[in-house]
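A.B. asks: In this note's numbering, the protein residues as written are 124 to 450.
Even for Gly, the Cβ is constructed at its ideal location relative to N, Cα and C.
#1: With a CB to CB cut of under 7 Å and the five nearest residues on each side skipped, what residues in its chain are close to residue 278?
#2: Helix, strand or coil for residue 124? Go by DSSP, reduced to three states.
#3: Hey, how far is the Cα of residue 220 from the Cα of residue 256?
#4: Whole angstroms is fine: what's the gap from residue 450's alpha carbon to residue 368's?
#5: Which of the three DSSP states, helix, strand or coil, is assigned to residue 299?
#6: Rounded to whole angstroms, what's the CA-CA distance from residue 429 to residue 193? Just pull it up for me.
#7: Which of helix, strand or coil does DSSP assign to residue 212?
#8: Here's the rule I'm using: 16 or more other beta-carbon atoms within 10 Å means buried, otherwise exposed. How should residue 406 be labelled?
#9: Could you give the distance in angstroms between the alpha-carbon of residue 141 and the alpha-carbon of residue 423?
#10: Count the other C-beta atoms from every protein chain shown that fall within 10 angstroms of the C-beta of residue 139, then say buried if there are 16 or more, exposed otherwise.
#11: Could you tell me whether the Cβ atoms of residue 238 and residue 178 are closer together than 9 Å?
#12: Within 10 angstroms of its Cβ, does residue 362 collect 16 or more other Cβ (buried), or is it exposed?
#13: For residue 410, count the other beta carbons within 10 Å of its own beta carbon; 16 or more makes it buried, fewer makes it exposed. Which is it?
#14: Would residue 207 and residue 312 qualify as a contact pair, given that the criterion is a beta-carbon distance under 9 Å?
#15: Per DSSP, which one or two residues make a beta bridge with residue 278?
#16: So is the beta-carbon of residue 259 under 8 Å away from any non-hydrogen atom of the ligand FAD?
#17: Within 9 Å of any Cβ in chain C, is that where the Cβ of residue 181 sits?
#18: Could you check whether residue 404 and residue 389 sit closer than 9 Å to each other, using their CB atoms as the reference points?
#19: Roughly how many angstroms lie between the CA atoms of residue 303 and residue 214, to the nearest whole one?
#20: Taking all protein chains shown into account, do 16 or more other C-beta atoms lie within 10 angstroms of the C-beta of residue 147, making it buried, or fewer, making it exposed?
#21: Using the rule of at least 16 other Cβ atoms within 10 Å of the residue's Cβ for burial, across every protein chain shown, is residue 446 buried or exposed?
#22: Once the 5 residues before and after residue 298 are set aside, which same chain residues still bring their CB inside 6 Å of it?
#23: Within 10 angstroms of the Cβ of residue 432, are there 16 or more other Cβ atoms? Answer buried if so, exposed if not.
#24: With distance defined between alpha-carbon atoms, name the residue in 381, 295, 161, 322 nearest to residue 183.
#25: Are the beta-carbon atoms of residue 190 and residue 211 separated by less than 9 Å?
#26: When we look at the beta-carbon of residue 375 and count the other beta-carbons within 10 Å, is it buried (16 or more) or exposed?
#27: With residue 155 as the anchor, note down where its alpha helix (DSSP H) starts and where it stops.
#28: Residue 400: buried (16+ other C-beta within 10 angstroms of its C-beta) or exposed?
#29: Going by C-alpha to C-alpha distance, which of 342, 387, 348, 336 sits closest to residue 144?
#30: Go to residue 175, then tell me how far its beta strand (DSSP E) extends in each direction, as first and last residue.
#31: Excluding sequence positions up to five away, which residues of its chain have a Cβ less than 6 Å from the Cβ of residue 118?
#32: Where do the ends of the beta strand (DSSP E) carrying residue 143 lie?
#33: Helix, strand or coil for residue 261? Go by DSSP, reduced to three states.
Dropping the structure here:
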């Protein structure tokens with residue numbers, strides 16, 4: 124649990140501010156949303172202290188994004204049973220990966236030229252590349268989405284967490300907002316300014332595009348609190364239960380030792396009076412308790428190892444290809 128709180132997310136929430144809105148609330152259609160998103164970015168970029176900015180339809184570990192079946196390029200029958208797997212998908216603007224600090228491992232980022240008139244392109248993560256093609260060298264290769272549209276892979280990014288901290292790696296694909304418009308808009312602003320410094324500047328800049336659009340502002344780490352809460356509570360609860368178990372064990376050992384000594388106190392007194400060494404008396408008094416403690420520790424360690432070995436064996440027996448197809 125503790126490791127999951129510090130696991131790689133595929134993005135860096137620290138140092139980023141989110142501005143969320145739905146462009147429909149300003150009367151904009153999906154078709155016009157790309158132009159509005161581009162203007163929002165252009166108005167935000169010049170703000171002093173802003174180092175990168177981009178948009179995404181739904182932030183990872185937020186609502187998590189939608190999923191769709193994915194098919195090989197030569198597929199003509201688009202029943203779900205013919206898909207290779209299901210993949211998460213997001214609509215992102217040029218510059219999003221830089222703003223989110225998601226590593227682009229191969230290929231290129233989107234540009235504003237990736238629009239409705241341009242060939243369809245997508246950026247996929249490492250798990251998608253391996254599951255679909257068996258290797259990470261997939262730039263230029265093609266696949267088909269759930270509606271049968273063919274996409275060329277323009278780039279590969281690192282894996283990330285999309286629904287929960289404990290999930291196994293998911294295939295994910297990112298589409299250009301110019302080709303997959305979405306009114307749901309989250310502006311990701313990379314800055315070291317405080318919320319008190321950046322929010323007034325952001326509000327003024329965004330109002331210059333459309334004053335009727337309502338925005339909600341968060342620090343990205345704060346927006347993840349709901350997702351991180353179960354792991355934090357579980358970690359704290361396990362720690363408290365562990366301390367209680369330790370206290371109960373210490374109380375039991377102390378009580379057992381006291382009971383053993385109280386029954387033999389006359390014997391120990393006589394042995395001391397007859398000249399027995401203190402060390403020998405102490406060894407006799409505590410020997411039984413120490414033997415039971417050692418036996419209990421060995422038994423507990425053995426059972427603990429067995430309890431972890433069984434699920435580990437089950438995990439190793441899983442066929443990754445079957446798992447991805449089920450997802």
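C.D. replies: In short:
#1: Within the chain shown, numbered from 1, the residue matching residue 278 stands at position 155. Correct list, in chain order: 227, 229, 230, 231, 232, 246, 262.
#2: Along the chain shown, read from residue 1 onward, the residue named residue 124 stands at position 1. Because residue 124 sits at a pLDDT of 47, beneath the cut-off of 50, its placement in the model cannot be relied upon, and the following sentence gives the value as read from the coordinates. DSSP places residue 124 in coil when its eight states are reduced to three.
#3: In the chain shown, counting from the first residue as 1, residue 220 sits at position 97. In the chain shown, counting from the first residue as 1, residue 256 sits at position 133. Going from the Cα of residue 220 to the Cα of residue 256 covers about 23 Å.
#4: Working through the chain shown from its first residue, we reach residue 450 at position 327. Working through the chain shown from its first residue, we reach residue 368 at position 245. Confidence at residue 450 is low in this model, with a pLDDT of 49, below 50, so its placement is unreliable and no value can be given for it.
#5: Residue numbering aside, residue 299 sits at position 176 when the chain shown is read from its first letter. Of the three classes helix, strand and coil, the one that applies to residue 299 here is strand, per DSSP.
#6: Start at 1 with the first residue of the chain shown, and residue 429 comes out as number 306. Start at 1 with the first residue of the chain shown, and residue 193 comes out as number 70. Spanning the two alpha carbons is a distance of roughly 39 Å.
#7: Your numbering for residue 212 matches position 89 in the chain shown. In this structure, residue 212 counts as strand in the three-state DSSP scheme.
#8: As a working mapping, residue 406 is identified with position 283 in the chain shown. Under this definition residue 406 is an exposed residue.
#9: Sequence index remark: in the chain shown, residue 141 carries index 18 (1-based). Sequence index remark: in the chain shown, residue 423 carries index 300 (1-based). Roughly 48 Å separates the two Cα atoms.
#10: Position 16 of the chain shown, counted from the first residue, corresponds to residue 139. Buried.
#11: For the purposes of this step, residue 238 is identified with residue 115 of the chain shown, where counting begins at 1. For the purposes of this step, residue 178 is identified with residue 55 of the chain shown, where counting begins at 1. Contact: no.
#12: By 1-based counting over the chain shown, the position of residue 362 is 239. So residue 362 counts as exposed.
#13: Your numbering for residue 410 matches position 287 in the chain shown. Classification for residue 410: exposed.
#14: Counted from its first residue, the chain shown places residue 207 at position 84. Counted from its first residue, the chain shown places residue 312 at position 189. Not a contact, by the Cβ cut-off of 9 Å.
#15: Counting from 1 along the chain shown, the entry for residue 278 is found at position 155. BP columns for residue 278 point to 230, 246.
#16: As far as ligands go, the structure on display features none, and thus does not contain the ligand FAD.
#17: Given the protein chain composition of this structure (a single chain), no chain C is represented.
#18: As a working mapping, residue 389 is identified with position 266 in the chain shown. As a working mapping, residue 404 is identified with position 281 in the chain shown. The answer is no: Cβ separation not under 9 Å.
#19: Taking the chain shown and counting its residues from 1, one reaches residue 303 at position 180. Taking the chain shown and counting its residues from 1, one reaches residue 214 at position 91. Residue 303 and residue 214: Cα-Cα distance of roughly 6 Å.
#20: Along the chain shown, one-based indexing puts residue 147 at 24. Exposed, since its Cβ has fewer than 16 Cβ neighbours within 10 Å.
#21: For the purposes of this step, residue 446 is taken as the residue at position 323 of the chain shown. The predicted position of residue 446 is uncertain, since its pLDDT is 49 and thus under 50; a value taken from the coordinates is nonetheless stated next. Its Cβ having fewer than 16 others within 10 Å, residue 446 is exposed.
#22: In the chain shown, the residue the question calls residue 298 occupies position 175. Closer than 6 Å at Cβ, skipping near neighbours: 214, 245.
#23: Taking the first residue of the chain shown as 1, we reach residue 432 at position 309. Counting Cβ neighbours within 10 Å, residue 432 comes out exposed, since fewer than 16 surround it.
#24: By 1-based counting over the chain shown, the position of residue 183 is 60. Nearest option by C-alpha distance: 295.
#25: The residue you call residue 190 lines up with position 67 of the chain shown. The residue you call residue 211 lines up with position 88 of the chain shown. Yes, these two residues count as a Cβ contact at 9 Å.
#26: Residue numbering aside, residue 375 sits at position 252 when the chain shown is read from its first letter. Label assigned to residue 375: exposed.
#27: Stepping through the chain shown from its first residue, residue 155 is reached at position 32. 153-167 is the span of the alpha helix (DSSP H), which, as asked, contains residue 155.
#28: Here residue 400 refers to the residue found at position 277 of the chain shown. That one is exposed.
#29: Within the chain shown, the letter at position 21 stands for residue 144. Looking at the Cα atoms, 336 is the closest of the given residues.
#30: Taking the chain shown and counting its residues from 1, one reaches residue 175 at position 52. Taken as a continuous stretch (DSSP letters only), the beta strand (DSSP E) holding residue 175 covers 173-179.
#31: In this structure the chain extends from 124 to 450, so residue 118 is not present and cannot be described.
#32: Translated into the one-based positions of the chain shown, residue 143 becomes position 20. Here the beta strand (DSSP E) through residue 143 covers 139-145.
#33: Against the chain shown, residue 261 aligns to sequence position 138. Of the three classes helix, strand and coil, the one that applies to residue 261 here is coil, per DSSP.
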